[in-house]
(Lines of atoms letter the chains of each structure in order from A and count residues from 1; the text may use other names and numbers.)
(Lines give C-alpha, C1' and ligand atoms only; values in the text may rest on other atoms or scores of the structure.)
Protein backbone atom coordinates (compact mmCIF):
# COMPACT_ATOMS: atom_id res chain seq x y z
CA UNK A 1 0.00 0.00 0.00
CA UNK A 2 2.76 2.43 0.95
CA UNK A 3 4.73 1.38 -2.12
CA UNK A 4 1.70 2.24 -4.33
CA UNK A 5 1.28 5.64 -2.71
CA UNK A 6 4.98 6.40 -3.18
CA UNK A 7 4.76 5.47 -6.87
CA UNK A 8 1.70 7.71 -7.34
CA UNK A 9 3.43 10.68 -5.70
CA UNK A 10 6.54 10.19 -7.86
CA UNK A 11 4.49 9.98 -11.06
CA UNK A 12 2.60 13.17 -10.14
CA UNK A 13 5.85 15.01 -9.42
CA UNK A 14 7.31 13.94 -12.76
CA UNK A 15 4.20 15.16 -14.61
CA UNK A 16 4.32 18.52 -12.81
CA UNK A 17 8.02 18.92 -13.63
CA UNK A 18 7.34 18.20 -17.30
CA UNK A 19 4.54 20.75 -17.41
CA UNK A 20 6.71 23.32 -15.67
CA UNK A 21 9.41 22.81 -18.27
CA UNK A 22 6.91 23.42 -21.08
CA UNK A 23 5.63 26.58 -19.41
CA UNK A 24 9.16 27.91 -18.93
CA UNK A 25 9.97 27.31 -22.59
CA UNK A 26 7.02 29.21 -23.97
CA UNK A 27 5.85 31.34 -21.07
CA UNK A 28 7.24 34.66 -22.31
CA UNK A 29 5.95 34.33 -25.87
CA UNK A 30 9.35 35.56 -27.07
CA UNK A 31 11.62 33.45 -29.23
CA UNK A 32 15.32 33.36 -28.51
CA UNK A 33 17.73 34.06 -31.35
CA UNK A 34 19.63 30.97 -32.37
CA UNK A 35 22.99 30.80 -34.06
CA UNK A 36 22.95 30.40 -37.85
CA UNK A 37 23.58 26.85 -39.11
CA UNK A 38 27.11 25.97 -40.29
CA UNK A 39 27.91 27.40 -43.72
CA UNK A 40 25.38 30.21 -43.33
CA UNK A 41 25.96 33.95 -43.55
CA UNK A 42 23.56 35.99 -41.43
CA UNK A 43 22.55 39.65 -41.63
CA UNK A 44 20.23 41.22 -39.06
CA UNK A 45 18.36 44.46 -38.57
CA UNK A 46 15.79 46.12 -36.31
CA UNK A 47 12.72 47.55 -38.05
CA UNK A 48 11.72 50.84 -36.44
CA UNK A 49 8.70 53.11 -36.73
CA UNK A 50 9.00 56.80 -37.58
CA UNK A 51 9.09 57.66 -33.86
CA UNK A 52 12.16 55.46 -33.38
CA UNK A 53 10.42 52.63 -31.55
CA UNK A 54 11.41 49.10 -32.53
CA UNK A 55 8.51 47.13 -33.98
CA UNK A 56 10.25 44.05 -35.37
CA UNK A 57 13.54 42.17 -35.67
CA UNK A 58 14.64 40.58 -38.93
CA UNK A 59 17.32 38.08 -39.91
CA UNK A 60 18.57 37.13 -43.37
CA UNK A 61 20.32 33.73 -43.49
CA UNK A 62 22.13 32.94 -46.74
CA UNK A 63 22.98 29.34 -47.66
CA UNK A 64 22.77 27.03 -50.69
CA UNK A 65 21.71 29.83 -53.04
CA UNK A 66 18.75 30.95 -50.93
CA UNK A 67 18.03 33.68 -48.41
CA UNK A 68 15.79 32.67 -45.51
CA UNK A 69 14.16 35.79 -44.12
CA UNK A 70 12.66 35.75 -40.62
CA UNK A 71 10.69 38.74 -39.33
CA UNK A 72 9.26 38.77 -35.82
CA UNK A 73 7.27 41.55 -34.17
CA UNK A 74 6.08 41.68 -30.59
CA UNK A 75 2.79 43.31 -29.53
CA UNK A 76 2.79 46.97 -30.61
CA UNK A 77 0.51 49.87 -31.54
CA UNK A 78 2.08 50.54 -34.97
CA UNK A 79 1.17 47.44 -36.98
CA UNK A 80 -2.56 47.08 -37.57
CA UNK A 81 -4.12 43.61 -37.89
CA UNK A 82 -4.01 42.12 -41.37
CA UNK A 83 -1.44 41.86 -44.16
CA UNK A 84 1.41 44.33 -44.66
CA UNK A 85 3.74 44.54 -47.64
CA UNK A 86 7.33 43.56 -46.78
CA UNK A 87 10.09 44.55 -49.17
CA UNK A 88 13.81 45.08 -49.47
CA UNK A 89 14.47 48.61 -50.72
CA UNK A 90 17.41 49.84 -52.77
CA UNK A 91 19.12 52.28 -50.36
CA UNK A 92 20.49 51.57 -46.89
CA UNK A 93 19.07 54.65 -45.21
CA UNK A 94 16.02 54.89 -42.93
CA UNK A 95 15.07 58.53 -42.35
CA UNK A 96 11.56 59.56 -41.25
CA UNK A 97 10.00 62.39 -43.28
CA UNK A 98 12.73 62.30 -45.91
CA UNK A 99 13.18 62.85 -49.63
CA UNK A 100 13.65 60.00 -52.09
CA UNK A 101 17.14 59.66 -53.64
CA UNK A 102 15.90 61.04 -56.98
CA UNK A 103 14.13 63.93 -55.25
CA UNK A 104 10.78 63.03 -56.82
CA UNK A 105 8.87 62.30 -53.60
CA UNK A 106 8.91 62.83 -49.85
CA UNK A 107 7.47 60.88 -46.93
CA UNK A 108 8.29 58.46 -44.16
CA UNK A 109 11.45 56.51 -45.05
CA UNK A 110 11.47 57.81 -48.63
CA UNK A 111 15.27 57.85 -48.18
CA UNK A 112 15.24 54.04 -48.64
CA UNK A 113 14.50 54.47 -52.33
CA UNK A 114 12.43 52.12 -54.46
CA UNK A 115 12.04 48.34 -54.17
CA UNK A 116 15.39 46.59 -54.69
CA UNK A 117 16.10 45.03 -58.07
CA UNK A 118 19.18 42.80 -58.47
CA UNK A 119 21.53 43.79 -61.34
CA UNK A 120 20.47 41.06 -63.78
CA UNK A 121 16.81 40.89 -62.81
CA UNK A 122 13.96 42.70 -64.54
CA UNK A 123 10.21 42.47 -64.38
CA UNK A 124 7.73 41.84 -61.62
CA UNK A 125 7.85 40.80 -58.87
CA UNK A 126 11.02 42.74 -58.12
CA UNK A 127 13.98 41.08 -56.41
CA UNK A 128 13.11 42.77 -53.13
CA UNK A 129 9.46 41.68 -52.99
CA UNK A 130 8.87 39.32 -50.06
CA UNK A 131 5.85 37.48 -48.71
CA UNK A 132 3.41 39.79 -46.93
CA UNK A 133 3.61 39.99 -43.13
CA UNK A 134 0.36 38.89 -41.46
CA UNK A 135 -0.19 40.79 -38.21
CA UNK A 136 -2.32 39.56 -35.30
CA UNK A 137 -4.86 41.74 -33.42
CA UNK A 138 -2.24 42.80 -30.83
CA UNK A 139 0.27 43.93 -33.48
CA UNK A 140 2.52 40.88 -33.17
CA UNK A 141 3.61 38.80 -36.15
CA UNK A 142 6.09 36.19 -37.31
CA UNK A 143 7.07 35.35 -40.86
CA UNK A 144 9.65 32.93 -42.26
CA UNK A 145 10.06 33.04 -46.03
CA UNK A 146 12.72 32.22 -48.62
CA UNK A 147 13.92 33.78 -51.86
CA UNK A 148 16.65 33.19 -54.42
CA UNK A 149 16.40 36.64 -56.01
CA UNK A 150 19.24 38.31 -54.09
CA UNK A 151 22.47 37.37 -52.31
CA UNK A 152 24.23 38.79 -49.27
CA UNK A 153 26.66 40.55 -51.64
CA UNK A 154 23.70 42.12 -53.47
CA UNK A 155 22.39 43.60 -50.22
CA UNK A 156 25.82 45.03 -49.41
CA UNK A 157 26.12 46.99 -52.67
CA UNK A 158 27.49 50.55 -52.52
CA UNK A 159 24.04 52.07 -51.87
CA UNK A 160 23.17 49.47 -49.24
CA UNK A 161 19.64 48.14 -48.66
CA UNK A 162 16.77 48.48 -46.18
CA UNK A 163 13.81 46.38 -45.11
CA UNK A 164 10.49 48.25 -45.28
CA UNK A 165 7.13 47.32 -43.78
CA UNK A 166 4.23 48.97 -45.62
CA UNK A 167 0.78 49.97 -44.47
CA UNK A 168 -1.11 47.76 -46.93
CA UNK A 169 -0.67 44.34 -48.48
CA UNK A 170 1.38 44.56 -51.67
CA UNK A 171 0.13 43.92 -55.18
CA UNK A 172 3.00 42.16 -56.92
CA UNK A 173 1.56 42.85 -60.35
CA UNK A 174 1.37 46.61 -59.83
CA UNK A 175 3.77 48.84 -61.72
CA UNK A 176 4.41 51.43 -58.98
CA UNK A 177 7.70 51.42 -57.08
CA UNK A 178 5.94 50.23 -53.90
CA UNK A 179 3.56 47.83 -55.69
CA UNK A 180 0.48 49.62 -54.41
CA UNK A 181 1.34 48.85 -50.78
CA UNK A 182 0.93 52.39 -49.50
CA UNK A 183 2.66 54.29 -46.74
CA UNK A 184 5.95 53.06 -45.27
CA UNK A 185 5.43 52.45 -41.55
CA UNK A 186 8.66 50.70 -40.56
CA UNK A 187 12.25 50.63 -41.79
CA UNK A 188 15.46 48.81 -40.87
CA UNK A 189 18.88 49.17 -42.49
CA UNK A 190 20.08 45.78 -43.69
CA UNK A 191 23.37 47.10 -45.03
CA UNK A 192 24.36 50.75 -45.06
CA UNK A 193 25.60 52.58 -48.11
CA UNK A 194 29.25 53.55 -48.16
CA UNK A 195 28.53 57.00 -46.67
CA UNK A 196 25.99 55.95 -44.04
CA UNK A 197 26.08 54.17 -40.69
CA UNK A 198 24.39 50.79 -40.31
CA UNK A 199 22.62 49.21 -37.37
CA UNK A 200 22.73 45.78 -38.97
CA UNK A 201 25.20 43.01 -38.24
CA UNK A 202 26.67 40.30 -40.42
CA UNK A 203 27.81 36.90 -39.12
CA UNK A 204 29.52 34.16 -41.09
CA UNK A 205 29.62 30.62 -39.76
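Residue numbers (the working numbering): 1 to 205.
Beta carbons are placed, not taken as given, at the ideal position from N, Cα and C, and that holds for glycine.
This one's a predicted model, so the numbers in the text were calculated from it and none came from an experiment.
Coil, strand or helix - residue 154 by DSSP:
helix
Just reading off the beta strand (DSSP E) that residue 83 is part of, what are its end residues?
82-84
Whose C-beta lies closer than 8 Å to the C-beta of residue 48 among residues of the same chain, with five residues either side of it excluded?
Once the five neighbours on either side are set aside, the close Cβ partners of residue 48 are 54, 55, 94, 186, 187, 188.
Only counting the same chain, and skipping five residues up and downstream in sequence, which positions put a Cβ closer than 7 Å to that of residue 92?
These residues qualify, in order along the chain: 159, 160, 161, 162, 189, 190, 191, 192, 193, 196, 198.
For residue 144, is the classification buried or exposed, using 16 other Cβ atoms within 10 angstroms of its Cβ as the cut-off for buried?
exposed
Is residue 98 helix, strand or coil by DSSP?
strand
Less than 8 Å separating the beta-carbons of residue 107 and residue 168?
no
According to DSSP, is residue 162 helix, strand or coil?
strand
Cα-Cα separation between residue 164 and residue 114, rounded to whole angstroms:
10 Å
Per DSSP, what kind of secondary structure is residue 112 in: helix, strand or coil?
helix
Near the ligand ATP: residue 138 beta-carbon under 7 Å from a heavy atom
The ligand ATP is absent from the structure shown, which contains no ligands of any kind.
Alpha-carbon to alpha-carbon, residue 38 and residue 131
26 Å
Is the beta carbon of residue 68 sitting closer than 8 Å to the one on residue 58?
Against a cut-off of 8 Å, the Cβ pair of residue 58 and residue 68 comes out as no contact.
Going straight from the alpha carbon of residue 43 to that of residue 118, what length do you get?
Between the alpha carbons of residue 43 and residue 118 lies a gap of roughly 17 Å.
Beta-carbon contacts of residue 74 that lie in its chain and below 6 Å, excluding the five residues immediately before and after
140
Return the chain-ordered list of same chain residues with a C-beta closer than 8 Å to the C-beta of residue 152, the five sequence neighbours on each side being excluded.
41, 43, 60, 62, 67, 202
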